[in-house]
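Everything below concerns the one structure shown next.
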């Protein structure tokens, strides 16, 4: 199977380009009987929608989603759920200037070299706009996980460039354009972004995602580990360069006596493992942290080459997020939800008859 | 497909437990005509072999591999390559004391809760010994990549607990039991490990892996990204809690003008992207860094529960690596090689007719 | 992967129901650089279109297809090709009478029992109308196979109910509504169908499909055999109950000295094997024959039960093909083309370096 | 995934050649807690064992199977089940005479042309001896299906060359070397085979397989149909050239009023559909019939070419079944069992919460 499908049993197939007529997705494997309507997907899509604040791309898209199949009288039928999101605000001319050049840090060069042809408009298939499909599919997974297992998946912006944002509470996260878990830092972030935008540069970010109330037992040894599939899901998001589960890179300097989470009759006494041991969920929170690189399309002039291999410079006009990380939270949540739902189904397939022998108090 | 197979076209299937009669692997999809003999696999297996220094488990295993199929008169035939590695030095009694308890940080608990039964001897399927199969398969991938494309895959120990080991040269890496890229740090590492072993504790590590001379164009949008598959491959290695590509988490604080690698007619002027843009190889070195947690089996007493949910304590006798990271280098190399070979075949399948239009000088 | 995707490297994902807003498909893995426009798909879709003669369903559908992605400036880009076919002439009321009953021979019963819910309108996902997606995808495969390898895929109606139609020539096949290979039998078929339609009953059919100029070497041992994948592809077509390759069931009574195709320096002296030996193409014509059962929706009253398990009778008004086989030829061609293209890519992936050592004269 | 793996959730990977050291298999995805020992596999292997009568190859193999993993204290653990069957009675010299030639009807030619190299000893990977792995895996599936759902899978020889063998009873099937369902025909079959063997020729056969007590609801639309997967499984068996489900090719001449199985409150009133409607099991017997071609290795001289393309003749000494169909019954049963178990798990994954709404009396 080529690269545009994701998941084993809960499987998402995606298509579309930034400046084509539409993006579309097909979710296959969703259990029947789930109440589902366009609004369920729209709600999540609106969370990542561009133009929601002056700190993100000003491209205007309603991102209106239409479910085309797999739902009958408000309930999923168990057949493939196809949905479509039409593109509206394409300004291909924005790209006229760069069509023959490669933007540093962008996929322009690799796509052309791999395929021999490329859709230069807005990065074509490589555009971060493809993530609308992930968010829509993730909305289905989130809803099923919540209704069937009480699982909650949510995330927040943990760092914006140099500014670390320690977690304070979930309350404020959806109340601000940054998904900041600390309302008191908003002003600081606003100021930083205004200066950044002015400078024509961009910056990276860190996003943390957590899945709560995940039952013990999801995930498969040895290559189908839950954390391995999460790592792939996160690294497949545009601009992601790093993934951590639990203590992540902090584990390197830890002692075993410090890292290994002890247990008591009521459960684990710590969560350095991020809710996964041996590739299988422990029943604790599944905690993931990702690093997003700075947007590659910036207004500053950069050295590059053109499609003839000649030296030149490029700078991107267009409407770009100075920090893709700001809108990455709903996307990371969506990918985590899809992986969890896939493994929920995979676990039920093989171990549907098993009752976990150990009951924690 | 359940979790014991890995790869799309170059596909490895693995079986075996730490204290069963044998480990085995099946490599499917290897092109025909590759010269291959047991020694090619053995050479790599010996690099990860236990008992090679006092700093790793003293379990004595020859890890002798036998190729059972897919090779005829010294050449691969294109059919499935099956191979077997018999276990020799099992001391199941070492585990008598812990059979009814869960080791903190270990998969004991999750396996039992998922499957309702578990092979408690040496962690069964969760044992790091399973990686012999990855290393054997990786040896095939390494050989093919080198002979067909001149690709070289190698790695080194970048950090041992608190001790960072800046890269100095490849020369020393295979000359010392630590895979240290700096011969002058060996003494320091020796001393640290002796004290650690004495203390009965364990420690984490960081391993860096690099693939050189990878052609441009390997990897697929959007979910089948080369870096996404690398992330899954690395996170599927026992004890790995974090994966970085290129600048990794350092990207978070970088500016776009700093991160985005500029280009010149001779190629890229930097490699923050780690040889991957838009999920497709750039033709630069593919650089990966992983975090390995400290060994969970330690000699210090830890709080835990037994299979009846009762509080108890556990400490592991047995023969364990105080730092699994020390032997992880050949394993990480193997996984990277398998992913690259898989994508080399996937790319040839779809783009076998394409000549990259841009020729760098 | 759930049941709505088909193929390994050339992968089709399909969605849509007979009375939903639209059918859609995603073709992933198509090589870049193939010239492709809506008309290429439309041409094949028009061959299977309903309402083209009085002998098939009078449902009026333009079956207008719109390519939504994966094509740029008239050429495939190597990314996912999404396409959509809107439904136009739904008459759901036709089904009011049967919504609560199960039509004998139809999937009504199994869908409801499997999923607990079903889209009763026109059979929902089980409708033969889903085959528009196969035909559209097959058009892409046919075009690539022809342009890249000179492979031609075509078929004809070999039997209509009791009337066997021996092959006479390809010329007439696309000249008549039956895909009959013998123009002189048309009148006989017309008469038979008129009487059948009058009787309110339906009948089965046999369709033969042939792929010409298939290179030697496509197909994989042992489970990925070319003929095994063809069998699955054909049996996945609505109403198909049997598949034969080459001599098929006639092989049962054959002697080995009769069946085994002898060879000469110029090639094979017979084709009992249907162009496949050991699951791999021989370089001869690949010949396939399929049996299609009679349409299950007929106007005659039949004994059945309702959704409460109570005995009742059912007869279908609606607009149905009295013989689904009449329109099955383009569908069978499409499925064969998809399987061949998938294996062409799979073969190139593994054996791209191999030159067949034996040159036939 | 290349061709040596089979199944989605209950997945078999196979390796080995006729004259290599051993055949091996890996069954991944088997639920935990199933009681399993070597004998369970051996029992089925003995049913297909060569040398069991003078009518089959006289190659002497104990076919002793050793389970190497996935079973602990007599129960499956849910991890990969690896098993090995050593080859014992290879007489490679038997093939010296034919190493440079292509046997008509055999895979010699296609393997060499595909891979550029081939293991000529006994057909290498193309040998029917590979089916030991299918039978061993099928034994696991049969046991689980029987214990978990009461499903029984069995088959019989329905035709031997020209001799049709109408079904009389299951009692005699395992009592004779032909798997004949009619004890009174044995003498006739014996005589026929003795004459055939004397003539140096071979003959084809038809085998019927039935799965009883299959629950309603197994199988997936649209491409993952239960019957589509059965067709692939059967066509992947060496020498199979045709597959029928239910009425099969007889459907062609049937009327809809005759073919479509009516229903009553107690269930279906016929089974032309062979237990599958819309690709989903109906709850009736799943009935499959396959055509096996005559053995290609015969003692009569045949025209062929050598590896240099020169005309020559070939006749096979060696020890071959004059009718591979005679031993095909356990193999076909095994493949059907594997497909059913795979779909049982797939169905539980997606529809584990569904109770079929209609209860038949």
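Residue numbers (the working numbering), protein chains in the order written: chain E, 2 to 362; chain X, 2 to 362; chain Z, 2 to 362; chain A, 2 to 362.
Even for Gly, the Cβ is constructed at its ideal location relative to N, Cα and C.
It should be emphasised that the depicted structure is a prediction, and the values quoted were computed from it without experimental measurement.
Check: Where does residue 64(E) sit, in a helix, a strand or coil, going by DSSP?
Finding: When secondary structure is reduced to three states using DSSP, residue 64(E) falls in the coil class, being assigned neither helix nor strand.
Notebook entry, point to check: Just by C-beta distance, which residues in the region 60-92 of chain E are closer than 9 Å to chain A?
Noted result: Hits within the stretch, in order: 79, 80 and 81.
Next item on the list: Can you grab the Cα-Cα spacing for the pair residue 345(X) / residue 203(E), in whole Å?
Entry: Each residue's Cα considered, the two are about 33 Å apart.
Note to self: Can you check which of these residues, 144(Z), 284(Z) and 195(Z), is closest to residue 55(Z) by C-alpha distance?
What the structure shows: Of the candidates 144(Z), 284(Z) and 195(Z), the residue whose Cα lies closest to the Cα of residue 55(Z) is 195(Z).
Check: Between 42(Z), 41(Z), 79(Z) and 116(Z), which lies nearest to residue 220(A) when the distance is taken from Cα to Cα?
Finding: Nearest C-alpha to residue 220(A): 116(Z).
Next item on the list: Out of 112(X), 69(X), 46(X) and 72(X), point me to the one whose CA is closest to residue 356(E)'s CA.
Entry: Among 112(X), 69(X), 46(X) and 72(X), the Cα nearest to that of residue 356(E) is on 112(X).
Item checked: The beta strand (DSSP E) enclosing residue 160(X), as first and last residue numbers -> First-last of the beta strand (DSSP E) with residue 160(X): 153-161.
Item checked: Beta-carbon proximity of residue 235(Z) to residue 228(A), cut-off 8 Å -> No, the pair does not count as a contact, with Cβ atoms beyond the cut-off.
Check: Given residue 119(X), which residues of its chain have a CB within under 8 Å of its CB, disregarding the five upstream and five downstream residues?
Finding: Answer for residue 119(X): 109, 112, 113 and 125, listed in chain order.
Next item on the list: Give me whichever residues DSSP pairs with residue 264(X) in a beta bridge.
Entry: Residue pairing for residue 264(X): DSSP places it in a beta bridge opposite 269(X).
Note to self: Is it buried or exposed, residue 18(Z), if we count other Cβ atoms within 10 angstroms and call 16 or more buried?
What the structure shows: Counting the other Cβ atoms within 10 Å of the Cβ of residue 18(Z) gives 16 or more, which makes it buried.
Check: For residue 10(Z), which residues from the same chain have a beta carbon less than 8 Å from its beta carbon, with the 5 sequence-adjacent residues on both sides left out?
Finding: Cβ contact annotation for residue 10(Z) (same chain, cutoff 8 Å, sequence separation greater than five): 30, 343, 346, 347 and 350, in chain order.
Check: Which of the three DSSP states, helix, strand or coil, is assigned to residue 283(E)?
Finding: In the structure shown, residue 283(E) adopts coil according to DSSP, grouped into three states.
Notebook entry, point to check: Is there a Cβ from chain A that is less than 8 Å from the Cβ of residue 141(Z)?
Noted result: Using beta-carbon distances, residue 141(Z) does not count as an interface residue toward chain A, since no partner is under 8 Å.
Notebook entry, point to check: List, in order along the chain, the chain A residues whose C-beta lies closer than 7 Å to that of residue 216(E)?
Noted result: Neighbours of residue 216(E) on chain A: none; closest Cβ ~14 Å, over 7 Å.
Notebook entry, point to check: If you draw a straight line from the alpha carbon of residue 281(Z) to that of residue 71(A), how long is it in whole angstroms?
Noted result: Roughly 33 Å between the two C-alpha positions.
Notebook entry, point to check: Among the residues of its own chain, which have a CB less than 6 Å from the CB of residue 286(X), if the five just before and after it don't count?
Noted result: So the list reads 211, 213 and 276, once near-sequence residues are dropped.
Next item on the list: Tell me whether the beta-carbon of residue 230(Z) lies closer than 8 Å to the beta-carbon of residue 248(A).
Entry: No; because the gap between Cβ atoms is not below 8 Å, this pair is not in contact.
Note to self: Using 8 Å as the cut-off, can you tell me whether the region 331-342 of chain E makes contact with the region 286-306 of chain X, which would need three or more C-beta pairs spanning the two stretches below that distance?
What the structure shows: Touching, no, given that fewer than three Cβ pairs across the two stretches are closer than 8 Å.
Item checked: Between the CA atoms of residue 179(Z) and residue 173(Z) - distance to the nearest angstrom -> Approximately 10 Å between the Cα atoms of the pair.
Checklist line | Segment contact, 8 Å Cβ cut-off, at least three pairs: the region 79-89 of chain X with the region 250-263 of chain E | finding: Contact fails: fewer than three Cβ-Cβ distances are below 8 Å.
Notebook entry, point to check: For residue 29(E) and chain X, any beta-carbon pair shorter than 8 Å?
Noted result: Closer than 8 Å: no.
Check: Less than 8 Å separating the beta-carbons of residue 102(A) and residue 246(Z)?
Finding: Taking 8 Å as the cut-off, the beta carbon of residue 102(A) is found no closer than this to the beta carbon of residue 246(Z).
Margin query: Residues of the region 96-120 of chain A in Cβ contact with chain X at a cutoff of 9 Å, in chain order, please.
Written below: Of all residues in the region 96-120 of chain A, the ones placed with a Cβ closer than 9 Å to any Cβ belonging to chain X are 112, 115, 116, 117, 118, 119 and 120, in chain order.
Notebook entry, point to check: Any beta-carbon of chain A closer than 8 Å to the one on residue 34(Z)?
Noted result: Judged by the 8 Å Cβ criterion, residue 34(Z) is not in contact with chain A.
Checklist line | Minimum C-alpha distance to residue 16(E) - residue among 307(X), 20(X), 223(X) and 278(X) | finding: If we check each option's Cα against that of residue 16(E), 223(X) comes out closest.
Next item on the list: Take residue 149(Z) as the anchor and find which of 354(X), 163(X), 133(X) and 135(X) has the nearest alpha-carbon.
Entry: Shortest Cα-Cα distance from residue 149(Z) to any of 354(X), 163(X), 133(X) and 135(X) involves 354(X).
Next item on the list: Could you name the residues of chain A that residue 196(E) contacts, counting a contact when the two beta carbons are closer than 7 Å?
Entry: Under the 7 Å cutoff, chain A gives no residues; its nearest Cβ is about 51 Å from residue 196(E).
Checklist line | Same chain, Cβ closer than 7 Å to residue 57(E), neighbours up to 5 away in sequence not counted | finding: The beta carbon of residue 57(E) sits closer than 7 Å to those of 51, 322, 327 and 328, all from its chain and outside the five residues before and after it, given in chain order.
Next item on the list: Could you have a look at residue 147(Z) and say whether DSSP puts it in helix, strand or coil?
Entry: Here residue 147(Z) sits in helix by DSSP.
Item checked: Neighbouring residues, chain Z, relative to residue 230(A) (Cβ below 8 Å) -> Per Cβ cutoff of 8 Å: 233.
Check: Along chain A, in chain order, which residues have C-beta atoms closer than 9 Å to that of residue 305(Z)?
Finding: By Cβ distance, chain A contributes 263, 264 and 265.
Checklist line | Contact list for residue 352(E) against chain A, beta-carbon separation under 8 Å | finding: Under the 8 Å cutoff, chain A gives 32, 33 and 79.
Next item on the list: Ignore the nearest five residues each way along the sequence and tell me which others in residue 284(E)'s own chain have a CB closer than 6 Å to its CB.
Entry: Counting only residues of its own chain and dropping the five nearest sequence neighbours on each side, residue 284(E) has a CB closer than 6 Å to the CB of 217.
Next item on the list: Tell me where the beta strand (DSSP E) around residue 15(E) begins and ends.
Entry: Residue 15(E): member of the beta strand (DSSP E) spanning 12-17, first to last residue.
Notebook entry, point to check: Any idea which residues DSSP pairs residue 213(A) with across the strands?
Noted result: According to DSSP, residue 213(A) bridges with 153(A).
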